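In our numbering, each number is its position in the sequence shown, counted from 1, plus 218. Data first, discussion second: the structure below is written as structure tokens.
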Amino acid sequence: MDFQELMAFAGRNQMLALAFVGLTAAIVATEIARLLRSYKVVRPAEVTALVNRDNALVVDLRAIADFEKGHIPGSKNVLMSQFDPENKRLASARALPVVLVCKTGQSAGEAAKRLKKAGFERVFVLDGGIGSWQQADLPLAKGRG
219 MDFQELMAFA GRNQMLALAF VGLTAAIVAT EIARLLRSYK VVRPAEVTAL
269 VNRDNALVVD LRAIADFEKG HIPGSKNVLM SQFDPENKRL ASARALPVVL
319 VCKTGQSAGE AAKRLKKAGF ERVFVLDGGI GSWQQADLPL AKGRG
């Protein structure tokens with residue numbers, strides 16, 4: 219297929235061509251945003267390595283009820299509505315790696331940006347949230363922690 223045939227196809231199938239261009243632009247924008255973010259997204263195995271090797275602080279941003287049903291052992295619960303990088307529990311861990319966990323990874327990304335802005339150097343977000351931890355068949359602690 220040469221360029222003229224491609225242009226003829228696009229002319230005959232304008233909606234399909236527009237959808238292709240839109241999807242391509244969305245993928246490129248997402249990848250650029252991923253490369254430019256100030257924190258690193260990690261998988262469950264990387265979280266266990268950070269905790270075991272570097273004594274990382276794991277902060278669970280989910281609601282208390284969800285945290286009590288099951289959380290990463292050793293993690294600390296801080297509600298997203300009360301999340302403050304200057305919090306005593308967080309500020310004292312400025313030199314440690316901090317791993318943020320939420321349900322899906324979205325809220326943790328917002329919290330990660332705030333930590334980086336507050337001067338935290340090593341900030342990580344669990345890719346896929348607590349669901350990815352469960353899918354990796356890793357242990358959960360129950361109760362207040």
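The C-beta atom is built at its ideal place from N, Cα and C for all residues, glycine as well. Just so we're clear, the structure is a prediction, and the values are computed from it rather than from any experiment.
query = Rounded to a whole number of angstroms, what is the C-alpha to C-alpha distance between residue 255 and residue 227?
reply = 38 Å
ask   = Are the CB atoms of residue 346 and residue 361 nearer to each other than 8 Å?
value = no
ask   = Starting from residue 321 and walking both ways along the alpha helix (DSSP H), at which residues does that stretch end?
value = Run containing residue 321: none; DSSP gives neither H nor E here.
request  = Apply the 10 Å Cβ neighbour rule to residue 285 and answer buried if 16 or more other Cβ atoms are within range, or exposed otherwise.
outcome  = buried
query = Straight-line CA distance for residue 271 to residue 279?
reply = 23 Å
inquiry  = Between the alpha carbons of residue 339 and residue 268, how many angstroms are there, rounded?
reply    = 14 Å
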